[in-house]
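Undergrad: Quick one: this structure, given as structure tokens, is what I'll be asking you about.
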Amino acid sequence: MVLQDTLGFPMWTALLCVAIILAYLYTTQWFRFWKQYGYPEGPPCRPFFGCIGELFNPKSSTTRCITDWQKKYGRVIPMFWFWDPMLVVTDPDVLRDITVKNFNVWSDRYMLGHGDLQQKIIKKGVFFADGASWKRIRRIMTPTFSSNKLKNLTHFMNLTSCRLAKKMKDYAVAGEPASAKNCFAAYALDVICGTAFGLDTNSMKDSRVPFMKHAQSLMSFDKYLQMRLTVVGLFPWMSKLFKMFNIGFFMNRDVRFFEENIMAIIRERKANGADQNHSDFLQLLLNAEALDNDEIVGEKKLTTEEISAQGIIFVIAGYETTSSTLQFLSYELGRNHDVQEKMADEIESFLGKEDPNYYNVKKLKYMNAVINETLRMYPPIHLLSRQAEVDTTINGRTVPAGTAVMIPVANINRDPEFFPEPTSFRPERFMDKHKENINPLTFLPFGYGPRQCIGIRLAMMEVKIALVHMLRKVRITSATPEHLELEEFTGVLVPKTPIQLNLQAVL
38 MVLQDTLGFP MWTALLCVAI ILAYLYTTQW FRFWKQYGYP EGPPCRPFFG
88 CIGELFNPKS STTRCITDWQ KKYGRVIPMF WFWDPMLVVT DPDVLRDITV
138 KNFNVWSDRY MLGHGDLQQK IIKKGVFFAD GASWKRIRRI MTPTFSSNKL
188 KNLTHFMNLT SCRLAKKMKD YAVAGEPASA KNCFAAYALD VICGTAFGLD
238 TNSMKDSRVP FMKHAQSLMS FDKYLQMRLT VVGLFPWMSK LFKMFNIGFF
288 MNRDVRFFEE NIMAIIRERK ANGADQNHSD FLQLLLNAEA LDNDEIVGEK
338 KLTTEEISAQ GIIFVIAGYE TTSSTLQFLS YELGRNHDVQ EKMADEIESF
388 LGKEDPNYYN VKKLKYMNAV INETLRMYPP IHLLSRQAEV DTTINGRTVP
438 AGTAVMIPVA NINRDPEFFP EPTSFRPERF MDKHKENINP LTFLPFGYGP
488 RQCIGIRLAM MEVKIALVHM LRKVRITSAT PEHLELEEFT GVLVPKTPIQ
538 LNLQAVL
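Be aware that the sequence shown starts at 38, since it is given in my numbering, and climbs by one per residue.
Shown next, in the form of structure tokens:
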């Protein structure tokens with residue numbers, strides 16, 4: 038017989054109602070969290086979801102939402118990311134405190150699920166590592182990005198850039214539009230494989246190569262990823278369950294592919310010893326590998342697994358970001374022919390027929406400004422985060438340990454207070470005296486402070502060399518779609534509708 042209460046309802050129904058009421062009271066009490074620390078009103082929150090519904094409203098956009106919040110609540114906005122308290126910060130002075138002055142408090146990134154969604158090897162990568170591990174890995178890796186090391190990598194970039202330019206010229210001669218995504222994704226991957234692993238994948242010729250297939254899958258932020266993130270956001274304990282069953286942010290098959298291939302290269306190089314002379318990043322990291330598990334590990338050397346992890350991070354950090362930057366830049370060149378011609382003239386004036394390299398591309402000041410203006414309007418990573426390790430303060434108000442900060446890069450870069458006419462493509466903002474007036478905390482495509490992207494100079498050199506070869510072969514006469522909408526959930530800013538380029542061969 039089913040137990041019933043005095044009103045005739047099954048007992049389990051009554052218990053369920055009580056559980057729902059308690060859960061509601063528990064979640065709504067969190068929305069009073071910020072008041073106890075003296076913060077003004079923030080955007081309305083919903084039980085369990087916090088402010089996620091408004092922030093990722095499919096009828097609006099994250100950038101537009103934060104812009105509206107800033108108008109209502111100011112430049113330090115208290116909110117909730119599901120269950121987690123978070124501040125959205127667009128104030129440059131506060132950002133300077135977080136990223137530089139009080140970096141020891143804010144050195145770690147915020148991760149939904151407290152990092153349980155990152156596979157073990159991914160967490161050893163410099164982007165995802167935290168605490169003392171990050172500091173050690175970053176310190177060891179920094180010399181590999183020195184000027185002397187970077188100058189030895191330009192032959193990979195020139196080889197791949199020539200292939201890119203030829204392919205684009207073939208489209209121009211055939212009178213066919215070129216897919217910006219396909220062209221630049223192949224270029225970005227081939228450069229990564231060359232500079233990081235010494236491999237000539239030539240996915241420009243055949244996009245079906247396994248490295249391309251798994252790189253695209255690795256960076257595919259599909260509905261299943263959204264589902265996993267939502268489940269962990271709603272039920273934080275599920276992150277432990279996901280970790281137990283090895284369900285992570287990235288697809289296991291893709292992580293395993295890169296890990297196995299990188300480890301195979303490492304084994305081959307160790308077997309050949311000093312017989313091979315490599316100048317790629319993997320070899321530079323191998324030179325910093327621990328010979329055994331003595332006390333040196335943890336201080337000055339990397340383990341084999343850590344080296345493999347950095348190789349995977351090269352793919353994650355460099356593939357989609359470089360590809361999307363070149364897509365957006367080419368789109369703007371197709372709409373701003375005067376900018377394109379000015380770049381071509383600069384290349385002719387300073388380089389002539391000379392191959393671009395680490396040193397001579399520094400002469401291309403206008404090109405540098407064009408790239409920066411593209412990064413301002415279309416920052417590849419449009420949301421950054423930090424998490425407080427201990428109790429601290431922001432603008433005199435307490436921020437308890439564990440609180441996260443969201444840095445909406447796209448909003449800051451397009452703020453009219455910092456950049457007048459922010460939706461206009463104006464490279465002159467980054468030229469001469471105009472550049473000197475830019476507060477570095479208002480231009481954050483690579484982050485800022487000690488946790489700034491370690492590969493800035495590599496990325497800029499990669500884009501410049503591609504543009505030199507491309508503009509020697511073709512001009513972009515137009516680009517579609519007419520109105521460019523951006524996909525913001527992916528973490529990396531990408532166009533919702535693929536960009537098509539109409540090209541004309543240079544005679």
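Glycine included, C-beta positions come from ideal geometry on N, C-alpha and C. All figures in this text were calculated on a predicted structure; none of them were measured in a lab.
#1: Compare the C-alpha of Asp207 against each of Arg413, Ala516, Lys242 and name the closest.
#2: Could you spell out where the beta strand (DSSP E) holding Asp121 opens and where it closes?
#3: Taking the runs of the alpha helix (DSSP H) that are 4 residues or longer, which of them lie wholly in the stretch 179-235?
#4: I need the boundaries of the alpha helix (DSSP H) containing Phe538, first residue and last residue.
#5: Rank Gly150, Ile408, Leu236 by C-alpha distance to the C-alpha of Lys280 and give the top, closest one.
#6: Say whether the stretch 247-258 touches the stretch 119-126, bearing in mind that this needs 3 or more beta-carbon pairs closer than 8 Å, one atom from each stretch.
#7: Which whole runs of the alpha helix (DSSP H) in the stretch 65-126 are 4 residues long or more, in chain order?
#8: Can you list, in chain order, the residues of its chain whose CB lies under 7 Å from that of Asp153, leaving out five sequence neighbours each side?
#9: Span of the alpha helix (DSSP H) holding Arg466?
#10: Just checking, does the stretch 509-517 make contact with the stretch 471-488 on the three C-beta pairs under 8 Å criterion?
#11: Tell me which residue opens and which closes the alpha helix (DSSP H) that Ser422 is part of.
#12: From Asn298 to Tyr368, what distance separates their C-alpha atoms?
#13: On the three-pair Cβ rule with 8 Å, is the stretch 450-458 touching the stretch 470-482?
#14: Excluding the 5 residues preceding and the 5 following His315 in the sequence, name in chain order all residues of the same chain whose CB lies nearer than 8 Å to its CB.
#15: Return the Cβ separation of Ala438 and Glu426 in integer angstroms, given the expectation that the two are a contact with Cβ distance under 8 Å.
#16: What is the C-beta distance between Ile159 and Val292, in whole angstroms, given that I count them as a contact (C-beta under 8 Å)?
#17: Rounded to whole angstroms, how far is the Cβ of Glu34 from the Cβ of Val529, which I believe are closer than 8 Å?
#18: Should Asn405 be labelled buried (16 or more other beta-carbon atoms within 10 Å of its own) or exposed?
#19: Anyone know if the C-beta pair for Val544 and Ala516 falls short of 9 Å?
#20: When we look at the beta-carbon of Leu50 and count the other beta-carbons within 10 Å, is it buried (16 or more) or exposed?
#21: List the residues that DSSP assigns as beta-bridge partners of Thr429.
#22: Can you name the start and end residues of the alpha helix (DSSP H) that Ile299 belongs to?
#23: Can you tell me which of the three DSSP states Ala503 falls into?
#24: Are there 16 or more other CB atoms within 10 angstroms of the CB of Tyr224, so buried, or fewer, so exposed?
#25: When you compare the stretch 266-275 with the stretch 113-120, are there three or more beta-carbon pairs, one atom per stretch, that lie closer than 8 Å?
#26: Would you say Ala406 reaches chain D, if we count a Cβ-Cβ gap shorter than 9 Å as a contact?
#27: Between which residues of its own chain and Lys379 is the CB-CB distance below 7 Å, once the five residues before and five after are set aside?
#28: Starting from the C-beta of Arg133, find all residues in its chain whose C-beta is less than 6 Å away, skip the five residues before and the five after it, and write them out in chain order.
#29: Just to confirm the assignment, what range does the beta strand (DSSP E) spanning Pro445 have?
#30: Measure from the alpha carbon of Tyr395 to the alpha carbon of each residue in Trp171, Thr191, Asn94, then state which is nearest.
#31: Here's the rule: buried if 16 or more other CB atoms are within 10 angstroms of the residue's CB, otherwise exposed. What is Ile384?
#32: Compute the Euclidean distance between the alpha carbons of Ala166 and Phe272, then round it to the nearest angstrom.
#33: On a Cα-Cα basis, can you pick out the residue from Ser183, Leu319, Glu91 that is closest to Thr340?
#34: Could you check if Trp274 is buried or exposed, using at least 16 other CB atoms within 10 Å of its CB as the buried criterion?
#35: Which term fits Tyr147, buried or exposed, when burial requires 16 or more other beta carbons within 10 angstroms of its beta carbon?
#36: If you draw a straight line from the C-alpha of Ala496 to the C-alpha of Met507, how long is it?
TA: Let's see:
#1: Ranking the options by Cα distance to Asp207, first place goes to Lys242.
#2: From DSSP, the beta strand (DSSP E) with Asp121 extends over 121-126.
#3: Those alpha helix (DSSP H) runs which fall completely within the stretch 179-235 and span 4+ residues are 184-187, 191-211, 217-234.
#4: The displayed chain sequence assigns Leu, not Phe, to residue 538. Where Leu538 is concerned, there is no enclosing alpha helix (DSSP H), although the beta strand (DSSP E) around it starts and stops at 537-542.
#5: Selected option, being the one with the closest Cα: Gly150.
#6: As far as the Cβ criterion goes, the stretch 247-258 does not touch the stretch 119-126, which means the pair count is below three.
#7: Listed in chain order, the complete alpha helix (DSSP H) runs (minimum 4 residues) inside the stretch 65-126 are 89-92, 99-110.
#8: For Asp153, same chain residues with a beta-carbon under 7 Å away, outside a window of 5 residues either side, are Ser276, Lys277, Phe279, Lys280 in chain order.
#9: Taken as a continuous stretch (DSSP letters only), Arg466 belongs to no alpha helix (DSSP H), as it is neither H nor E.
#10: No contact exists between the stretch 509-517 and the stretch 471-488.
#11: That residue, Ser422, is in no alpha helix (DSSP H); its beta strand (DSSP E) goes 420-424.
#12: Taking C-alpha positions only, Asn298 is separated from Tyr368 by approximately 35 Å.
#13: Counting Cβ pairs under 8 Å, three or more are found: they touch.
#14: Close CB contacts of His315 within its chain, under the 8 Å cut and outside five residues either way in sequence, are with Gly235, Arg306 (chain order).
#15: Contact flag correct, Cβ pair sits at about 6 Å.
#16: Going by Cβ atoms, the distance from Ile159 to Val292 rounds to 7 Å, so yes, they are a contact pair.
#17: Nothing in the structure corresponds to residue 34, since the chain is present only between 38 and 544.
#18: Buried is the call here.
#19: Note that residue 544 is Leu in the sequence shown, not Val. Going by C-beta atoms, Leu544 is not nearer than 9 Å to Ala516.
#20: Checking the displayed sequence, the identity of residue 50 turns out to be Thr instead of Leu. Exposed, since its Cβ has fewer than 16 Cβ neighbours within 10 Å.
#21: Thr429 is bridged to Val436.
#22: Segment 289-309, the alpha helix (DSSP H) holding Ile299.
#23: Helix.
#24: Here Tyr224 is buried. Its C-beta has 16 or more other C-beta atoms within 10 Å.
#25: The stretch 266-275 is in contact with the stretch 113-120.
#26: The chain labelled as chain D is not found in the depicted structure, where only one protein chain is given.
#27: Within its own chain, the residues whose Cβ lies closer than 7 Å to the Cβ of Lys379, once the five positions on either side in sequence are excluded, are Tyr403, listed in chain order.
#28: Cβ within range, chain order: Leu478.
#29: First-last of the beta strand (DSSP E) with Pro445: 441-445.
#30: Of all alpha-carbon atoms in Trp171, Thr191, Asn94, the one lying nearest the alpha-carbon of Tyr395 is that of Thr191.
#31: Flag for Ile384 reads buried.
#32: Taking C-alpha positions only, Ala166 is separated from Phe272 by approximately 24 Å.
#33: Ranking the options by Cα distance to Thr340, first place goes to Leu319.
#34: Exposed.
#35: Label assigned to Tyr147: buried.
#36: Near 17 Å, if we compare the C-alpha coordinates of Met507 and Ala496.
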